[in-house]
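Chains as they are written, first to last, in UniProt numbering: chain A, 1 to 329; chain B, 1 to 329. Note that the Cβ used here is the ideal one computed from N, Cα and C, for glycine as well.
There are 2 protein chains.
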Amino acid sequence: MSVTMRDVARAANVSIATVSHVVNDKQGARIGEDARRRVLKAVAELGYQPNALAKTLSQGRSRFIGLVADAIASTPFAGQIIHGAQDEAWRQGYVLLIANTEGNAAAEKEAIAMMLQYQVHGILYSTWYHREIEVPPPLQHTDTVLVNCYAVDAEYPTVVPDEEQGGRAATEELIAAGHRRIAFVNTTSPSPAKTGRLAGYLSALEAAGLEYDASLVFEAEPAQEGGYAVAASVIESGVSAVFCHNDRVAMGLYDGVREHGLRIPTDIAVMGFDNQEVIAAHLRPPLSTVALPHYELGAAGVRTLLGIGMERGSSRLLVECPPIARASL
Amino acid sequence: MSVTMRDVARAANVSIATVSHVVNDKQGARIGEDARRRVLKAVAELGYQPNALAKTLSQGRSRFIGLVADAIASTPFAGQIIHGAQDEAWRQGYVLLIANTEGNAAAEKEAIAMMLQYQVHGILYSTWYHREIEVPPPLQHTDTVLVNCYAVDAEYPTVVPDEEQGGRAATEELIAAGHRRIAFVNTTSPSPAKTGRLAGYLSALEAAGLEYDASLVFEAEPAQEGGYAVAASVIESGVSAVFCHNDRVAMGLYDGVREHGLRIPTDIAVMGFDNQEVIAAHLRPPLSTVALPHYELGAAGVRTLLGIGMERGSSRLLVECPPIARASL
Chain A
1 MSVTMRDVAR
11 AANVSIATVS
21 HVVNDKQGAR
31 IGEDARRRVL
41 KAVAELGYQP
51 NALAKTLSQG
61 RSRFIGLVAD
71 AIASTPFAGQ
81 IIHGAQDEAW
91 RQGYVLLIAN
101 TEGNAAAEKE
111 AIAMMLQYQV
121 HGILYSTWYH
131 REIEVPPPLQ
141 HTDTVLVNCY
151 AVDAEYPTVV
161 PDEEQGGRAA
171 TEELIAAGHR
181 RIAFVNTTSP
191 SPAKTGRLAG
201 YLSALEAAGL
211 EYDASLVFEA
221 EPAQEGGYAV
231 AASVIESGVS
241 AVFCHNDRVA
251 MGLYDGVREH
261 GLRIPTDIAV
271 MGFDNQEVIA
281 AHLRPPLSTV
291 ALPHYELGAA
301 GVRTLLGIGM
311 ERGSSRLLVE
321 CPPIARASL
Chain B
1 MSVTMRDVAR
11 AANVSIATVS
21 HVVNDKQGAR
31 IGEDARRRVL
41 KAVAELGYQP
51 NALAKTLSQG
61 RSRFIGLVAD
71 AIASTPFAGQ
81 IIHGAQDEAW
91 RQGYVLLIAN
101 TEGNAAAEKE
111 AIAMMLQYQV
121 HGILYSTWYH
131 REIEVPPPLQ
141 HTDTVLVNCY
151 AVDAEYPTVV
161 PDEEQGGRAA
171 TEELIAAGHR
181 RIAFVNTTSP
191 SPAKTGRLAG
201 YLSALEAAGL
211 EYDASLVFEA
221 EPAQEGGYAV
231 AASVIESGVS
241 AVFCHNDRVA
251 MGLYDGVREH
261 GLRIPTDIAV
271 MGFDNQEVIA
281 AHLRPPLSTV
291 ALPHYELGAA
301 GVRTLLGIGM
311 ERGSSRLLVE
321 CPPIARASL
């Protein structure tokens, strides 16, 4: 898998000792300019990474697994992915090397380079919300699993939440509670969550023999402000229940519903999505929702990287989003 | 600082090669039972950690800094500490090795042992909320900085938020907005946040020449449910403003205030504490609050560990909690 100093020496037509001197920038070693140039060229072309870690480790690769996260400081989502990945890594005898990039491309590049230098066994590349990405080129130098994200034009093992199943589960909960006219407040942001949860909503309606009414599907910014803004339209539509794209939208909708003098769930039932910490369980009334399985995404990402339990031939694992019953329906 | 194989050899009165054979459990090496026992005894007594990392690293210690966090999955607080620590570590040429324990003692012990095996330059031991801890014994084997926590009976460099200054800043904001009768909803949980924020509230009142009225200090569970439960009493006290122990309490208080038909800030001004992501900026109206400086705690922890910028002789760094103005007063 990984390029060795021997490969570089062969490509540059020099000895391994010469490669070592150049790569380690040894003082006092006399290396001709031409040889030095050839070594550096071969290093660049082959993508060779100097080994910063133990040559005393008997394995060719370390017991490190890298995890690149894009936003651990702003939501608990990445933290839950990390928690799951770390638990599973430890169970398998690996140590998780975590880098947080906060979406900064330079930090990401540096993080991946560092991980490759430390000869990680492989890298989990994760995003805090489910989305399409372009895979950073250096990731081709190691085993990579995409967690909570996916690439269209590249073949990487991928672990993502099953948005459609989640949207179906949310709608089924409302149907099971007796509702027949159910609004769906979707997000304005194009995303697999947007298309997947809508597909789930539609399939649940169909399975229950309920007719789809396009006027009951709304769009809102996926935050409290969006939920608040759409509340009047939802109420006006005359539905008895609403499935919100996420818990933050539901929280804003709560405010709007209250300002109209209506009560939840008596006048209108509300279903969220995400089971977001700090919010979902603590709204008034506590919010019924569907959990995003971040912990399990991280754990399954590690298992996939280590070749444990994934079906042969499958490169995309869909993780279930379970419904969480509380008091809003 | 760290115990070497040579130290073990001397204590056990054997050669370094013998120590190496025992420690690395070499097959085929003939070590007498007595010598083996002496080596293992010396290893245990001296707290020797075998070097799992590169002997090729020219430094005695690695470029790793360990960070032990207790809860990265349930709040964004630990994530912000990690973000700050990582940015600063990278600026200084170090790599952060993060372990999340979720409060599990066995996981914590294992995490610290792993970090010592990887010969971290030192360890930041952090908690997601500011509190007293007992320092895990293995931390005496490396440089340790306590972040967002402190130990009473041990001398470790400590980086914590300035709770008293934060409480004073929150109260001053309300005073500056013209309020004279200001309630304080403190937490029921004994903690430095409880005593510090109260001290800040009192000192701000005193500095403004306002008399302290003990009947205006309430206690509530530090969550939405607590804020909701205390709302009626706060309203009954006839104050024009309330400083809440944290943003979650303020969020619950918002619900209670609304149910009494009162408006924020027209009828009652509300100040939070924490500047908690996902909540503070998205309440209706957006919540004025005081920020807990988690990012800066992490960054300052790394600087302290590396001996950068901390005043000589000072072993406790108080980090300022800045007020954040929004629309609730």
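With 16 other CB atoms within 10 Å as the buried threshold, where does N104/B fall?
-> So N104/B counts as exposed.
Quick one, are the C-beta atoms of V257/B and V185/B less than 8 Å apart?
-> Annotated as distal: V257/B and V185/B, with beta-carbon spacing of 8 Å or more.
Please report the residue range of the alpha helix (DSSP H) in which Y295/B lies.
-> Per DSSP, Y295/B is one residue of the alpha helix (DSSP H) stretching across H294 to L305.
Assigned exposure category for H260/B - 16 Cβ within 10 Å defines buried | Classification for H260/B: exposed.
Ends of the alpha helix (DSSP H) at V22/B?
-> Here the alpha helix (DSSP H) through V22/B covers I16 to V23.
Counting only beta-carbon atoms, is R263/A nearer than 8 Å to chain B?
-> No, R263/A does not count as interfacial toward chain B.
Expected contact under 8 Å - CB spacing of F64/B and Y118/B to nearest Å = Their Cβ separation, rounded to whole angstroms, is 6 Å, which keeps F64/B and Y118/B in contact under 8 Å.
I324/B beta carbon less than 8 Å from that of V290/B | Yes, they are a contact pair.
Pick out whichever of L283/A, V147/A and T304/A has its Cα sitting closest to the Cα of Y254/A.
-> Here the closest residue by C-alpha is L283/A.
Tell me, please, whether the CB atom of E155/B is closer than 8 Å to any CB atom in chain A?
-> Taking 8 Å as the CB threshold, E155/B stays off the interface with chain A.
For E277/A, three-class secondary structure by DSSP = Coil, per DSSP.
Listing by chain order, which chain A residues have their CB less than 7 Å from the CB of M5/B?
-> Close partners of M5/B in chain A (Cβ separation under 7 Å) are lacking, with about 13 Å as the shortest Cβ gap.
What three-state label does DSSP hand L174/A in the structure shown?
-> Helix, per DSSP.
Inter-residue Cα distance where the pair is T18/A and T144/B | One alpha carbon belongs to T18/A, the other to T144/B, and they sit about 40 Å apart.
What in chain A is Cβ-close to N100/B, meaning under 7 Å?
-> Near N100/B (Cβ distances below 7 Å), the residues of chain A are I82, H83 and Q86.
If we ignore side chains and look at the alpha-carbon of each, how far apart do L305/A and V152/B end up?
-> In this structure, the straight-line span from the alpha carbon of L305/A to that of V152/B is close to 44 Å.
Can you name the residues of chain A whose CB is closer than 7 Å to the CB of T233/B?
-> Reading off the sequence, residue 233/B comes out as Ser, not Thr. Ordered by position in chain A, no residue passes the 7 Å Cβ test against S233/B, which lies about 17 Å from the chain.
For P323/A, which residues does DSSP report across the bridge?
-> Per DSSP, V290/A.
Please report the Cβ distance between G209/B and Q165/B, rounded to the nearest whole angstrom; I am assuming they are in contact, meaning their Cβ atoms lie under 8 Å.
-> Not really, about 20 Å apart at Cβ, beyond 8 Å.
Name the DSSP beta bridge partners of A241/B, please?
-> Bridge partners of A241/B: I182/B and A269/B.
What's the call for L329/A, buried or exposed, on a 16-neighbour Cβ count within 10 Å?
-> Buried.
According to DSSP, which residues form a beta bridge with I112/B?
-> For I112/B, DSSP records no beta bridge to any residue.
Can at least three beta-carbon pairs, one atom from the stretch 159 to 179 of chain B and one from the stretch 188 to 205 of chain B, be found at a separation below 8 Å?
-> Enough Cβ pairs lie closer than 8 Å, so yes.
Start and end residues, beta strand (DSSP E) containing S126/A = First-last of the beta strand (DSSP E) with S126/A: I123 to E132.
By DSSP, does L210/A sit in helix, in strand, or in coil?
-> Assignment of L210/A by DSSP, reduced to helix, strand and coil, places it in the coil class.
Could you list the residues in the stretch 220 to 231 of chain A with a C-beta less than 9 Å from some C-beta on chain B, going in chain order?
-> In summary, the residues of the stretch 220 to 231 of chain A whose CB is separated from some CB of chain B by less than 9 Å are A223, Q224, E225 and Y228, in the order they occur in the chain.
Would you call the stretch 265 to 280 of chain B and the stretch 233 to 248 of chain B in contact, with 3 or more CB pairs under 8 Å?
-> Yes, the stretch 265 to 280 of chain B touches the stretch 233 to 248 of chain B.
Coil, strand or helix - T195/B by DSSP = For T195/B, the three-state secondary structure derived from DSSP is helix.
Does DSSP put L53/B in a helix, in a strand, or in coil?
-> Here L53/B scores only 41 on pLDDT, less than 50, and its place in the model should not be relied on; the value that follows carries that caveat. DSSP places L53/B in the coil class of the three-state scheme, outside both helix and strand.
Roughly how far, in whole angstroms, is the beta-carbon of Q80/A from the beta-carbon of A269/B, given that I think they are within contact range, below 8 Å?
-> Not confirmed; about 35 Å, so no contact.
Give a yes or no on whether 8 Å exceeds the smallest Cβ distance from H282/A to chain B.
-> Chain B, which has a Cβ nearer than 8 Å to the Cβ of H282/A, makes this yes.
Verify the CB distance criterion: does E277/A have a CB-CB separation below 8 Å to chain B?
-> So, interface residue.
For chain B, is any of its Cβ atoms less than 8 Å away from the one on S74/A?
-> Answer yes: the Cβ-Cβ gap between S74/A and chain B drops below 8 Å somewhere.
Residue interval of the beta strand (DSSP E) (run including G66/A) | Annotation: the continuous beta strand (DSSP E) that includes G66/A extends over F64 to A69.
Spatial neighbours of I133/B within its chain, please: CB distance less than 8 Å, with the 5 preceding and 5 following residues excluded, ordered by chain position.
-> Setting aside the 5 residues that flank it on each side, I133/B is surrounded in the same chain by Y125, T127, L146, C149, Y150 and A151, each with a C-beta closer than 8 Å to its C-beta; the list follows chain order.
Residue 332/B (DSSP reduced to helix, strand or coil) | With chain B running from 1 to 329 in the structure shown, residue 332/B is simply not present.
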